[in-house]
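Let me begin by presenting the structure, written as structure tokens, before commenting on it.
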Amino acid sequence: MDDPKPDALLPLPPAVFHILIALADRDRHGYSIMQDVAARTNGKVQLSAGTLYSSIRRMLEQGLIEELRESPDPSSTDERRRYYALTRFGRRVAAAEVERLNALVQQARATGLVRSS
Amino acid sequence: MRATSLYEALLRCYPSAFRDEYGSQMRLMFAEQLDAARRTGRRLEQAAIWMRAAADTLIVAPREHGHVIAQDLRYAVRMMAAAPGFALVAIVSLALGIGANTAIFSLWNGVLHAPLPSVQKPEQLVMLTDPSQSGSWTGRMDFRSDGFRPWLTYDEFEDLRQHADLFSALMASQSGLSTWDVRVDGGDWEEARGRLVSDGFFQMLGVGSAIGRVFTATDNCVASPCAVISHTYWQRRFGGRPDVLGKSLAVRRGTVVIIGVAPRGFIGESAGQQPDVWLPLHTQPIMLPGVDRLHDTPPNKVMWLQVFGRLKPGVTPAQAESQANAIFQAGLEPFYGAYATGDRRNDYLDQRLQLHSGARGASASRAELSESLTALLVAVGVLLLIACANLANLLLARGAARRPEIALRVSLGASRSRIMRQLITESVTLAALGGVAALAVAYMLHRVLVAMLAQSDSRFEIGFTVDPRVLGFVVMATLAAALLFGVLPAWQATQADLGSTLKEQNRGSTGSLRQMRSGRALVSLQLAMSLPLLVGAGLLARTVYNLQTVDLGFPADRMMMTRIDLREAGYEGARRDGMLRDLQGAFQRTPGVRAASFSQLGIFSGGESSTTIDVEGYTPKSNKDRSSARDVVGPNYFTTLGVPITLGRDIVDSDRAEGPTVCVVNEAFAKLFFEGRNPLGMRITALDDGRQRISYQVVGVAKNARTQTLRSEIPPRYFVAALQQVSQMRSPTFLIRTSAVPSTVAATVRRTIERADAGLPILSVSSVESEMFPLTAQDRTTAQLAVAFGCVALALAAIGLYGVLSYGIARRTSEIAVRIALGAERRRVVSMILGETAFLVGVGLVCGGGLAYLATRLIGSRLYGVAPEDPVTMVSATAILLVVAFGAAYLPARRASRLDPVVALRHA
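First to last, the sequence lines map onto chains A and B.
Quick note: the first sequence uses our numbering, first residue 1, plus one each step.
Quick note: the second sequence uses our numbering, first residue 1001, plus one each step.
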């Protein structure tokens, strides 16, 4: 099945983008994603379980992430947790979103809405 | 732990599939978050986590449900596309069923509940006259009333308007719609319908004008009276052009000028009527010539106005009614003066006003129509139930065919409730599509129904409006239908033992015993519901037949009638008598005419006339026998009509003004007032609505004749000679007995009148039969619809029975094949199946009988000449049901008996 174009999914909802960022450096389970997002945003973005798993469900359907069959952490004794990883398509979509946001920022600087730092 | 059970409750808000998939993770995560917060010791953080979880649920749970619904809808559409035939059948049946229900509900709603359209705050309107009465009465008092006045006089209205200060506004309008001959721009005479209304009419209803203006109290349009036309009339007759303002409408006796157009949708104060024009009350002398309706001469009052009002804020209806009555009754005594003395005093003064709600406007046909419509609504609702039962059976069968698919899904992890949810979504989708199509069906059916009902009242008009109540009804009906036909099959499809299903894949037909039983129960239900519809239809059809063949007491065919306006043409006194005699003679000499006479009331004209009387040797026992109906007739009236005279003689030509005043009475009169005595020679003294007491000698007794109404009892009536009367006969009706069909004589009749006087207005030319026809129109409509519903119900039940039996036989192919192979006679197979049918039908009939009993109570008041429990109708309906049921069963039975056991068993 052909992957749909990344642009078709833009703009990404904020929660989805945060999850993509969290999964970029390593595969995580749900609670870990939530902690990572909270840490990176200094507590400003707190993903609740409902929002998180609703987004995860959608991202699984869209092919942005995949669920791992085994825990990536061999030392983890917690078999109850389910781990998620970025797919290649997910990385492409994340990159496309970053490009879009960059373009917006540049336009804001160009029109003088914000000063170039 | 309390926290976990609380979180469980939040989780329950999510769809079960989502919960099954991610529930454990969410619980884990929540527990860890709470733990972490507890370790920091900050209570605020724990509370914040709970708040966030709750808010999260509120937002995300509905979104997830929406996602599931969208999935189910997509699946449902795919399933429908895969079986387009079934989907089409379902949608069409639903559209027809829900559409028919909506059409009748909309009519029922419009007649019974809808407030007056385009009127400001209709819920504040009250009426001081009777909303269900339409017409007028001239005389001393209204004999028919129970003391409550149906209409008021102009003087009484003015009195109230000036003194009843608990009302913020009062207006009066003519009760009953008039039809006038009008001429636009000097063209041909055409008809326009309208009524006279008081100056404050439009203001009081809070209605402005679409273009131009409306007349007000300060208008001084005496010179050229102002008229306001309706929006419909403006569009229809004047093409919606603004140049209509200032146009003159010529009427027979004058001209009126159009000064404005009423807003779109405004019909005035009477529901179900669309007038073309409104004119001020003071134009009465030219618009309704004859009796002076604006001034009453004691002791006679012209009661012709219905009165509407609005109460001042804070005033209760009881207070307003009291004040109105006080003013009204205070005016009675001074008016009647010397007449209201002695033992007649109470009769005159015992008149009262009653306050009614005016929100729905006045409507004479409301009560009668609502009975018919309620019965029809029930019938069409039953029809929808029967159609839903058929759909349910169809879905049950389809459920059987889809069991492999469902079994697979269950084995792949779908929960039963998830699948049931999806199946019900399919039903709701079908129903929704049917519901949308139903609106179009309803619109068309509504127009048909209104046209059918307008046969009995050509002024009847109700538009198809989708007001919130109607829309709500469609939605409810659609949902109810979806649940009725969707839930049982969905439940059954997911309950089945699916493990064995997958193994049974190779069988040609699969099905469970439970399914068979549901199907058969549904069919019994269908048959049970069809029986009351058939019985009801039969009773209504017999009612129509009875009404149409009722013994009138005279032959109704070959009787022409024509009504002319003598007063309008200026004929009075002796000149009038002369014209009456001339015309009667001229008609009698016309070829094709066997006899001719005339009368004041005519036949089935909708009018009535009665006076107080004193009968020699009879003491009245109550108020009822102080008066009698009467008619004023020409010579040979009874002979012309064909009513036998049982005693004495008819009114004849020699009964002139110079001779003794005579009268003929009908049998009902003789029975009531003479009680076995010989009426001939007895004297009756009538208080004429002139000012005199006239004494008549009875010279004849005629058989009872039904000349005014079809349903009610024939009242006691006395007939006096027209040529002996001083007043009366403003517009007599000539009765012409023809030897051929009346229509052939119509032209000759017109020519005869024109030859006598070309300026004599001919108010109508028709036959008795054509006057009778509209009287039964409503009953005919109801009966036609009931018969149609009964037939459709029967057809649906037959289809259902056929389907269930065929299915059952298909399932038992092997069993039947084995029986035949082992030597069972084909006939035994047929009788076995018919025997099972008999059980189904028997159960259906027993339940149906009970329902039929209840149903006939519903229509009891509409019946004529047939009792609700009429055994003949019951038995016939049952017989028809049996014939159809066994006919539907015969085909599958025969097919079963024709099974080739070898072929059948090979495929098993």
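Just so it is clear, CB atoms sit at the ideal spot from N, CA and C, and this is done for glycine as well.
It should be emphasised that the depicted structure is a prediction, and the values quoted were computed from it without experimental measurement.
query	result
Nearest to I19 (chain A) by alpha carbon, out of A:L10, A:P4 and A:L52?	A:L52
Quick check on F1460 (chain B): does DSSP put it in helix, strand or coil?	strand
Along the region 1063 to 1082 of chain B, what residues have a CB closer than 7 Å to any CB found in chain A?	R1063 and E1064
In this structure, does DSSP put G1260 (chain B) in helix, strand or coil?	strand
Would you kindly report the start and end of the unbroken alpha helix (DSSP H) that includes L52 (chain A)?	A49 to Q62
With DSSP run on the structure shown, which of helix, strand or coil describes T1640 (chain B)?	helix
My parser needs the alpha helix (DSSP H) runs of 4 or more residues fully inside the region 14 to 48 of chain A; what are they?	14 to 25 and 30 to 40
Determine the DSSP secondary structure at I1981 (chain B), reduced to helix, strand or coil.	Look at the range of chain B in this structure, 1001 to 1908, and you will see that residue 1981 (chain B) is not part of it.
Here's the rule I'm using: 16 or more other beta-carbon atoms within 10 Å means buried, otherwise exposed. How should D1130 (chain B) be labelled?	buried
Can you name, in chain order, every residue of its own chain whose Cβ lies under 7 Å from the Cβ of Q1505 (chain B), other than the five neighbours on each side?	Model confidence at Q1505 (chain B) stands at a pLDDT of 48, short of 50, so the residue's coordinates are unreliable and nothing is read from them.
Is S1370 (chain B) close to chain A? Criterion is C-beta to C-beta, closer than 8 Å.	no
Under a CB-based cut-off of 8 Å, is T1057 (chain B) close to chain A?	yes
Please state the DSSP three-state secondary structure of W1929 (chain B).	In the structure displayed, chain B extends from 1001 to 1908; residue 1929 (chain B) sits before or after that span and is not available.
If we define contact as Cβ-Cβ less than 8 Å, is M34 (chain A) a contact residue for chain B?	yes
Please classify R1906 (chain B): is it buried, with 16 or more other beta-carbons within 10 angstroms of its beta-carbon, or exposed?	exposed
Which chain A residues sit within Cβ distance under 7 Å of S1024 (chain B)?	R80
DSSP three-state label for D7 (chain A), please.	helix
L1125 (chain B) bridges to which residues according to DSSP?	B:R1310
Given R1576 (chain B), which residues of its chain have a CB within under 6 Å of its CB, disregarding the five upstream and five downstream residues?	L1566
At what residue ranges does the region 1237 to 1288 of chain B contain a whole run of the beta strand (DSSP E), taking only runs of 3 or more?	1248 to 1251, 1254 to 1261 and 1277 to 1280
Against chain A, with Cβ distances strictly below 8 Å, would E1008 (chain B) count as a contact?	no
Hey, how far is the Cα of R1252 (chain B) from the Cα of P1285 (chain B)?	11 Å
Please report whether the beta-carbon of T51 (chain A) lies at a distance below 8 Å from any beta-carbon of chain B.	yes
Please name the residue in B:M1529, B:R1857, B:G1800 and B:A1440 whose C-alpha comes closest to that of C1847 (chain B).	B:M1529
Counting only beta-carbon separations shorter than 8 Å, does T1004 (chain B) have a partner in chain A?	no
On the three-state DSSP scale, how would you describe T1138 (chain B)?	strand
Have a look at the DSSP bridge pairing and note the partners of W1189 (chain B).	B:R1183
Considering M1729 (chain B), what are the terminal residues of the alpha helix (DSSP H) in which it resides?	It is not in any alpha helix (DSSP H) - M1729 (chain B) carries neither H nor E in the DSSP assignment.
Just by C-beta distance, which residues in the region 1042 to 1053 of chain B are closer than 8 Å to chain A?	R1052 and A1053
Which of helix, strand or coil does DSSP assign to M1874 (chain B)?	helix
On the premise that H1231 (chain B) lies in contact with V1261 (chain B), defined as a C-beta separation below 8 Å, what is that separation, rounded to the nearest angstrom?	6 Å
If you count every other CB in all the chains shown that lies within 10 Å of the CB of W1189 (chain B), and 16 or more means buried, which is it?	exposed
Suppose contacts are defined by Cβ-Cβ distances below 8 Å. Is A1722 (chain B) in contact with F1598 (chain B) by that definition?	yes
Using the Cα positions of T1543 (chain B) and P1774 (chain B), report the straight-line distance between them to the nearest angstrom.	15 Å
Can you confirm whether L1028 (chain B), when its beta carbon is compared against all beta carbons of chain A, has any partner nearer than 8 Å?	yes
From the DSSP output, in three-state form, read off G1634 (chain B) for me.	coil
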